[in-house]
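To start, the structure under review is shown below, and the notes come after it.
Numbering (the numbering used here), first residue to last: 367 to 530.
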């Protein structure tokens, strides 16, 4: 069970990082006023509550048989459905946040290029910076999606292999 607690805790921390980056690109002045200690504390508290709530649900719905890889399968009923549904929704929200961040960065950099340099002398520099930021965001989303997809697919395959 400690691995599942880590998965639940990490999921909320990654979501809070995505939210922080989204706030930074969407509302920079509001983001600047946020106290980092308070934000990190709230993120950790939310992650702890999320992980604890599923441990409590799992305690009441645990079944006694060996389980490999996907620990929520050791429970029955609504706990499994709620766990998978909430994980899917949070992961999808994280990916959508990064898509929105990419759009915000693209629009803000395009605005800087247009307003800052009417004679196109600085366009190459701004476009190079945008390409770096964009490549970084794309890499982050690809790694996140591949990690999420590979773990999910391997877990499902292991469950089917064991079921046979």
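Ideal Cβ placement from N, Cα and C applies to all residues, glycine included.
When only Cα atoms are considered, residue 379 and residue 410 end up about 7 Å apart. Membership of residue 415 in the alpha helix (DSSP H) is indicated by the continuous run 402-427. Take the alpha-carbon of residue 474 and the one of residue 462: they are about 18 Å apart.
Rounded to whole angstroms, the separation of the alpha carbons of residue 445 and residue 424 is 7 Å.
Buried is the label assigned to residue 460, since at least 16 other Cβ atoms lie within 10 Å of its Cβ.
Boundaries for residue 393: no alpha helix (DSSP H) harbours it, and the DSSP string shows neither H nor E there. Cβ contact annotation for residue 388 (same chain, cutoff 7 Å, sequence separation greater than five): 463, 466 and 467, in chain order. Taken through DSSP and simplified to helix, strand or coil, residue 443 comes out as coil. A Cβ-Cβ separation of about 7 Å places residue 421 in contact with residue 371 under the 8 Å criterion. Of the residues assessed, residue 509 falls on the exposed side of the cut-off, its CB having fewer than 16 other CB atoms within 10 angstroms.
Residue environment: residue 458 is assigned as exposed (fewer than 16 neighbouring CB atoms within 10 Å of its CB, all protein chains considered). By the CB criterion at 7 Å, residue 427 and residue 443 fall inside the cutoff.
Cα atoms of residue 499 and residue 392: separation of roughly 15 Å, rounded to the nearest angstrom.
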